[in-house]
Ligand code: AR6
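In this note's numbering, the protein residues as written are 870 to 1041.
Next up, the structure:
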């Protein structure tokens, strides 16, 4: 059975042990999916984030989910696209791997990701989708505990890019 699935939807509505937030290094909120997660979780999420001291790009930190259906939020700042020669690819892969490691450490069986860095951070969509799918796929090959990893695409263009990336990796 395929443990990686793609859906079109809103990540704040996902029933999963953890949802991932495409944050910034301050972890103090923002627009896009970050703003939506903070609105849906309620103000206690920001209070917990204020005690975390930020997070470096490519790493991840975990909080509770408060009013969200998800038990945890895993916050990861993706790389800002600067043309591709500033370790953007490695940093983006590291976001996915760091989040999955933290999820496993915290006993999660199901994790939902947004498309990290492809909004205001302007990472090229097809390239980001290939990196995301590749990093998750590699992680799942070595992990036996995660039951389901879902990538939640907010629009059809994003879903199409991830579908293409998934069929490429699925073909090997
Ligand atoms: N559910 C799922 N995906 C969403 C949702 C949602 N509710 N809302 C937006 N998206 P972005 P980034 C998609 O800009 O590029 C914030 O201000 C969106 O369509 O949210 O990593 C942070 O604080 C896009 O496909 O994140 C940072 O400063 C994807 O989520 C900065 O933006 C990511 O877009 C991070 O930028």
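No residue lacks a Cβ here, since even glycine has one placed at the ideal position from N, Cα and C.
Remember, it's a predicted structure, so these values are computed and weren't measured experimentally.
Ordered along the chain, which non-local residues of its own chain (more than five positions away) have a Cβ less than 7 Å from that of residue i?
{"i": "residue 958", "result": "1000"}
{"i": "residue 875", "result": "1020, 1022, 1028, 1031, 1032 and 1035"}
{"i": "residue 908", "result": "none"}
{"i": "residue 955", "result": "none"}
Quick one: residues in its chain with C-beta nearer than 6 Å to the C-beta of residue i, no 5 flanking neighbours on either side, listed in chain order?
{"i": "residue 890", "result": "903, 906, 942 and 944"}
{"i": "residue 893", "result": "899 and 946"}
{"i": "residue 936", "result": "910 and 911"}
{"i": "residue 873", "result": "1005 and 1018"}
{"i": "residue 940", "result": "886 and 934"}
According to DSSP, is residue i helix, strand or coil?
{"i": "residue 913", "result": "helix"}
{"i": "residue 1008", "result": "helix"}
{"i": "residue 884", "result": "coil"}
{"i": "residue 959", "result": "helix"}
{"i": "residue 924", "result": "coil"}
{"i": "residue 908", "result": "helix"}
{"i": "residue 892", "result": "strand"}
{"i": "residue 1033", "result": "helix"}
{"i": "residue 875", "result": "strand"}
{"i": "residue 969", "result": "helix"}
{"i": "residue 931", "result": "strand"}
{"i": "residue 1027", "result": "helix"}
In chain order, what residues of the same chain lie with their CB nearer than 8 Å to the CB of residue i, ignoring the 5 residues before and after it?
{"i": "residue 878", "result": "1021, 1022 and 1023"}
Can you round the beta-carbon distance between residue i and residue j to whole angstroms, since I take them to be within the 8 Å contact cut?
{"i": "residue 882", "j": "residue 938", "result": "7 Å"}
{"i": "residue 1018", "j": "residue 980", "result": "5 Å"}
{"i": "residue 968", "j": "residue 929", "result": "5 Å"}
{"i": "residue 931", "j": "residue 971", "result": "5 Å"}
{"i": "residue 982", "j": "residue 950", "result": "Their Cβ separation, rounded to whole angstroms, is 18 Å, which puts residue 982 and residue 950 out of contact at 8 Å."}
{"i": "residue 948", "j": "residue 966", "result": "In fact, because the Cβ distance is near 14 Å, the residues do not count as touching under 8 Å."}
{"i": "residue 896", "j": "residue 923", "result": "5 Å"}
Open item on the list: With three or more beta-carbon pairs closer than 8 Å as the criterion, would you say the segment 984-1002 touches the segment 958-976?
Closed with: Flag = yes, the segment 984-1002 and the segment 958-976 touch.
Task: Touching by the beta-carbon criterion (3+ pairs, under 8 Å), the segment 1002-1011 and the segment 910-930 - done: no
Task: Every unbroken beta strand (DSSP E) within the segment 971-1010, with a cutoff of 3 residues, ordered by chain - done: 979-982
- [ ] Determine contact between the segment 980-994 and the segment 1027-1034, defined as no fewer than three beta-carbon pairs at a distance below 8 Å.
- [x] yes
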